[in-house]
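Asks:
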Amino acid sequence: MRVLFLNPPFHPRFSREQRSPAVTKSGTLYYPKWLATAAGVAIQNGHEVDLVDAPAGNFSVKSVIDRIEAKNIQAVVCDTSTPSILNDVSVIEAIKAAHPNVHTLMVGRHVSSLPRETIAMSNALEAVAIREYEYTVRDWLSAKESGADLSAVDGLVWRKSTGEIVSNKQREAIKNLDELPFVSEVYKRFLHTPDYFYGHSLWPLVVFDTSRGCPYHCSFCVYPQTFSGHTMRYRSVANVADEFEYVAKEMPEIKTVMLEDDTFIVSKPRTMELANELIRRGNKLPFDANCRADIGADVEFLSVLHKAGARLFCVGFESGDVEVINGMKKNNDDRRDAKYHEEAHKFVRRCQDAGIMVHGCFMVGNLNETPQSMEKTLDFAKKLRPDTAQFFPIMVYPGTVAYQEAKKREYIQIEDWGAWLTKDGLHNSVVTLPNITHEELVSFCDRARRSFYLAPSYLTYKLKQSLTDRRELQRNVKGFLTLSKYLIKGSQHDKTQAPGKVPGKPQGATA
Numbered sequence: 047m048r049v050l051f052l053n054p055p056f057h058p059r060f061s062r063e064q065r066s067p068a069v070t071k072s073g074t075l076y077y078p079k080w081l082a083t084a085a086g087v088a089i090q091n092g093h094e095v096d097l098v099d100a101p102a103g104n105f106s107v108k109s110v111i112d113r114i115e116a117k118n119i120q121a122v123v124c125d126t127s128t129p130s131i132l133n134d135v136s137v138i139e140a141i142k143a144a145h146p147n148v149h150t151l152m153v154g155r156h157v158s159s160l161p162r163e164t165i166a167m168s169n170a171l172e173a174v175a176i177r178e179y180e181y182t183v184r185d186w187l188s189a190k191e192s193g194a195d196l197s198a199v200d201g202l203v204w205r206k207s208t209g210e211i212v213s214n215k216q217r218e219a220i221k222n223l224d225e226l227p228f229v230s231e232v233y234k235r236f237l238h239t240p241d242y243f244y245g246h247s248l249w250p251l252v253v254f255d256t257s258r259g260c261p262y263h264c265s266f267c268v269y270p271q272t273f274s275g276h277t278m279r280y281r282s283v284a285n286v287a288d289e290f291e292y293v294a295k296e297m298p299e300i301k302t303v304m305l306e307d308d309t310f311i312v313s314k315p316r317t318m319e320l321a322n323e324l325i326r327r328g329n330k331l332p333f334d335a336n337c338r339a340d341i342g343a344d345v346e347f348l349s350v351l352h353k354a355g356a357r358l359f360c361v362g363f364e365s366g367d368v369e370v371i372n373g374m375k376k377n378n379d380d381r382r383d384a385k386y387h388e389e390a391h392k393f394v395r396r397c398q399d400a401g402i403m404v405h406g407c408f409m410v411g412n413l414n415e416t417p418q419s420m421e422k423t424l425d426f427a428k429k430l431r432p433d434t435a436q437f438f439p440i441m442v443y444p445g446t447v448a449y450q451e452a453k454k455r456e457y458i459q460i461e462d463w464g465a466w467l468t469k470d471g472l473h474n475s476v477v478t479l480p481n482i483t484h485e486e487l488v489s490f491c492d493r494a495r496r497s498f499y500l501a502p503s504y505l506t507y508k509l510k511q512s513l514t515d516r517r518e519l520q521r522n523v524k525g526f527l528t529l530s531k532y533l534i535k536g537s538q539h540d541k542t543q544a545p546g547k548v549p550g551k552p553q554g555a556t557a
């Protein structure tokens, strides 16, 4: 079939793929990694594929509809997210109004958590795919092409011609990840790599995984709970190294690989095996990766990773308060909570000794949060001295324990999915704790960001870094130019209306 994989129009540079979808203050824009991988699987199975990332390429709804007509598209696979679901449904409705015979399928974490509720939003939605959807999309396309019964497509929730909504058997998670195509090949074929930017990474970059799943059960973390699960699955070391070589050879403009595993260093033996293979092959591409602080890594281990190409680790430190860490179930063993902050300081210092930078992620608004614990988090961030940092108000998403807890305690008092963003598409929070309002959570993050980035010691550090490394100079200038306006004006939270509620139609609906 002729199929369009669509990251639909919304706010310009809306980063739908990231764990907390939004327009970011650093200018970060994620690749549509999952969508691109599914497109690659469809290509493997003989379908004629097109891929459009509208927020990256500034596509309007009309331009998408025109493209569907020009390419005679028969099916659309549309990504979505919780903050953009109202907009994304309106995009599908516009497509179906213009092309009634086009088949539609929605994918993403929101529909994985609320499949029936999503389909019930509009008659334009025919089906949704649950969790990892590459093979569900493949089988749905094959069934549509042949006219087969959709009941045999595992992982699908769909609407019959009678209007009945049917939930098929759940699909098993993909065990052999080496079966999947290199997602970087799909990027090269359809996307403009300079459009994508991570505030902590060298630019341009590409993003791919070496594993799926996470053994930890952090209450707020959306991907393991709604998508990839808690059972670890790994690509083979040779397969990962092959993709590094592909990028180096076929995409010479790329300066960094970002490994978007939920947690890169889960198995130290496997990580060391990969590092040694990259060293053996003479890898010259730096890589960044998501990592935990409490993995017990020593300088010798980290130095080998640095030799293999490790440049920076993105670490979720979350909170400076032990009670908040305990409330979010950061560790599988509560006895580790008391030593968590000590381990975090050790990890940052060891990374720095090994030549690896750290990007710190900090969050406020979890259970047990108080005004005092938020100040502890800011103090914690400053004492850690990561290369860069981000401060988020908690974003609770359907399908997570954090969302269920907040609903149970009536901390979520806004039901409009659009409220998960400010009117400009920035991160917002709909959580109001007994002693902290959602406005105060957003305002604290604005203040924390200013306090961290405008500290004289930090500005001096960044100046020295920029003067000694041209690659880091480019990254620092590009990130600061975007971030600086938010350091001045903050999120401009509008207290006169529900947070994130945009009057009128969803963004992109009439673009």
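Numbering (the numbering used here), first residue to last: 47 to 557.
Built from N, CA and C at the ideal position, the CB exists for glycine as well.
(1) For THR542, name the three-state secondary structure that DSSP assigns.
(2) Whole angstroms are fine: how far does the CA of SER127 sit from the CA of ASP367?
(3) Which residue marks the beginning of the beta strand (DSSP E) containing GLN436, and which one marks its end?
(4) Whose CA, out of LEU187, ILE311 and GLU172, lies closest to the CA of LYS212?
(5) Can you tell me which of the three DSSP states ALA494 falls into?
(6) Whose C-alpha, out of ARG48, LEU50, PHE51 and PRO58, is nearest the C-alpha of LYS469?
(7) Within 10 Å of its beta-carbon, does PHE60 have 16 or more other beta-carbons around it, so buried, or fewer, so exposed?
(8) Under 7 Å, do THR70 and GLN271 count as touching if we go by C-beta distance?
(9) Return the residue from the list ILE131, TYR262 and ALA198 that minimises the CA-CA distance to SER168.
(10) Where does ASN118 fall in DSSP's three states?
(11) Does the distance from the C-beta atom of SER497 to that of HIS484 stay below 7 Å?
(12) Spatial neighbours of ALA435 within its chain, please: CB distance less than 6 Å, with the 5 preceding and 5 following residues excluded, ordered by chain position.
(13) For the putative contact between ILE300 and PRO240, defined by C-beta atoms under 8 Å, what is the C-beta separation to the nearest angstrom?
(14) Hey, is the segment 403-421 in contact with the segment 229-243, meaning 3+ C-beta pairs nearer than 8 Å?
(15) When you compare only the Cα positions, how much space is there between ALA116 and VAL110?
(16) With DSSP as the reference, please indicate the residues paired to GLU451 in a beta bridge.
(17) Can you name the start and end residues of the beta strand (DSSP E) that THR239 belongs to?
(18) Consult DSSP for SER489 and reduce its assignment to one of helix, strand or coil.
(19) Cutting at 6 Å between CB atoms, please list the residues of its own chain near ALA321, excluding the five before and the five after it.
(20) Does the beta-carbon of PRO298 have 16 or more other beta-carbons within 10 angstroms, so that it is buried, or is it exposed?
(21) Can you name, in chain order, every residue of its own chain whose Cβ lies under 6 Å from the Cβ of ASP255, other than the five neighbours on each side?
(22) ASN522 to LYS190, Cα distance in whole Å?
(23) Mapping DSSP to helix, strand and coil, what is GLY525?
(24) With a Cβ-Cβ cutoff of 7 Å, do LYS79 and VAL345 count as a contact?
(25) In three-state terms, what does DSSP make of VAL107?
(26) Around the Cβ of GLU225, are there at least 16 other Cβ atoms within 10 angstroms (buried) or fewer (exposed)?
(27) What does the Cβ neighbour count give for ASP195, buried or exposed, with the cut at 16 atoms within 10 Å?
(28) Using CA coordinates, which residue listed in LEU50, LEU52 and LEU75 is at the minimum distance from LEU472?
(29) Among HIS93, LYS108 and GLY103, which residue has its Cα nearest to the Cα of VAL123?
(30) In the structure shown, what three-state DSSP assignment does CYS360 receive?
(31) Look up ASP367 in the DSSP assignment and say whether it is helix, strand or coil.
(32) Work out the CA separation of ARG327 and VAL442 for me, nearest whole Å.
(33) Are there 16 or more other CB atoms within 10 angstroms of the CB of ARG516, so buried, or fewer, so exposed?
(34) When the Cα of LYS385 is compared with those of GLY342, PHE51 and VAL268, which residue comes out closest?
(35) Note down, in chain order, each residue of its chain lying with its Cβ closer than 6 Å to the Cβ of GLU180, except the 5 sequence neighbours on either side.
(36) Report buried or exposed for ALA339, applying the criterion of at least 16 other Cβ atoms within 10 angstroms of its Cβ.
Replies: So, from the data block:
(1) The residue you call residue 542 lines up with position 496 of the sequence shown. Legend: pLDDT at THR542 = 33, less than 50; position of this residue unreliable, no value from coordinates given.
(2) One-based indexing of the sequence shown puts residue 367 at position 321. One-based indexing of the sequence shown puts residue 127 at position 81. Distance between the alpha carbons of ASP367 and SER127 is about 30 Å.
(3) The residue given as residue 436 occupies position 390 in the sequence shown. Annotation: the continuous beta strand (DSSP E) that includes GLN436 extends over 434-439.
(4) What you label residue 212 is simply residue 166 of the sequence shown in a count that begins at 1. Reading the sequence as shown, one finds Val at residue 212 and not Lys. It is GLU172 whose Cα lies nearest to the Cα of VAL212.
(5) Along the sequence shown, one-based indexing puts residue 494 at 448. Reduced to three states, the DSSP call for ALA494 is helix.
(6) By one-based count along the sequence shown, residue 469 stands at place 423. Of ARG48, LEU50, PHE51 and PRO58, the residue nearest in Cα terms is PRO58.
(7) In the sequence shown, residue 60 corresponds to position 14, counting from 1. Buried, because 16 or more other Cβ atoms sit within 10 Å of the Cβ of PHE60.
(8) Here residue 70 refers to the residue found at position 24 of the sequence shown. Here residue 271 refers to the residue found at position 225 of the sequence shown. Going by beta carbons, THR70 and GLN271 fall outside the 7 Å limit.
(9) Counted from its first residue, the sequence shown places residue 168 at position 122. Comparing Cα positions, the closest option is ILE131.
(10) Against the sequence shown, residue 118 aligns to sequence position 72. Coil at ASN118, not helix or strand.
(11) By 1-based counting over the sequence shown, the position of residue 497 is 451. By 1-based counting over the sequence shown, the position of residue 484 is 438. HIS484 is positioned such that its CB atom lies no closer than 7 Å to that of SER497.
(12) One-based indexing of the sequence shown puts residue 435 at position 389. Excluding residues up to 5 positions away in sequence, GLY406, ALA427 and PHE498 lie with their Cβ nearer than 6 Å to the Cβ of ALA435 in the same chain.
(13) If you number the sequence shown from 1, residue 300 lands on position 254. If you number the sequence shown from 1, residue 240 lands on position 194. With a Cβ gap of about 10 Å, ILE300 and PRO240 do not count as contacting.
(14) Counting Cβ pairs under 8 Å, fewer than three are found: no touch.
(15) For this step, residue 116 is matched to residue 70 along the sequence shown. For this step, residue 110 is matched to residue 64 along the sequence shown. Roughly 10 Å between the two C-alpha positions.
(16) Against the sequence shown, residue 451 aligns to sequence position 405. According to DSSP, GLU451 bridges with nothing at all.
(17) For the purposes of this step, residue 239 is taken as residue 193 along the sequence shown, with counting starting at 1. That residue, THR239, is in no beta strand (DSSP E); it is neither H nor E in DSSP.
(18) Position 443 of the sequence shown, counted from the first residue, corresponds to residue 489. Reduced to three states, the DSSP call for SER489 is helix.
(19) Position 275 of the sequence shown, counted from the first residue, corresponds to residue 321. VAL350, LEU351 and ALA354, listed in sequence order.
(20) Within the sequence shown, residue 298 is the residue found at index 252, counting from 1. With fewer than 16 other Cβ atoms inside 10 Å of its own Cβ, PRO298 counts as exposed.
(21) The residue given as residue 255 occupies position 209 in the sequence shown. Its chain contains GLU306 and ASP307 as the residues whose beta carbon lies nearer than 6 Å to that of ASP255, once the 5 sequence neighbours on both sides are disregarded; these appear in chain order.
(22) As a first step, residue 522 is located in the sequence shown; it is residue number 476 there, counting from the start. As a first step, residue 190 is located in the sequence shown; it is residue number 144 there, counting from the start. For ASN522 and LYS190, the distance between alpha carbons rounds to 48 Å.
(23) Position 479 of the sequence shown, counting from 1, holds the residue named residue 525. It is helical.
(24) As a position in the sequence shown, residue 79 is number 33, starting the count at 1. As a position in the sequence shown, residue 345 is number 299, starting the count at 1. Not in contact: LYS79 and VAL345 (Cβ atoms no closer than 7 Å).
(25) Translated into positions along the sequence shown, residue 107 becomes position 61. The answer is helix: DSSP assigns VAL107 an H, G or I state.
(26) Here residue 225 refers to the residue found at position 179 of the sequence shown. Classification for GLU225: exposed.
(27) Indexing the sequence shown from 1 puts residue 195 at position 149. Per the 10 Å Cβ criterion, exposed.
(28) Position 426 of the sequence shown holds residue 472. The residue with the shortest Cα to Cα distance from LEU472 is LEU75.
(29) Against the sequence shown, residue 123 aligns to sequence position 77. Nearest option by C-alpha distance: HIS93.
(30) On the sequence shown, position 314 is the one that residue 360 refers to. Judged by DSSP in its simplified three-state form, CYS360 adopts strand.
(31) Residue numbering aside, residue 367 sits at position 321 when the sequence shown is read from its first letter. Here ASP367 sits in coil by DSSP.
(32) For the purposes of this step, residue 442 is taken as the residue at position 396 of the sequence shown. For the purposes of this step, residue 327 is taken as the residue at position 281 of the sequence shown. Taking the straight line from one Cα to the other gives about 42 Å.
(33) Start at 1 with the first residue of the sequence shown, and residue 516 comes out as number 470. ARG516 should be labelled exposed.
(34) Start at 1 with the first residue of the sequence shown, and residue 385 comes out as number 339. Per the Cα distances, GLY342.
(35) On the sequence shown, residue 180 is found 134 positions in, with the first residue counted as 1. Once the five neighbours on either side are set aside, the close Cβ partners of GLU180 are THR83, ALA84 and VAL87.
(36) For this step, residue 339 is matched to residue 293 along the sequence shown. ALA339 comes out buried.
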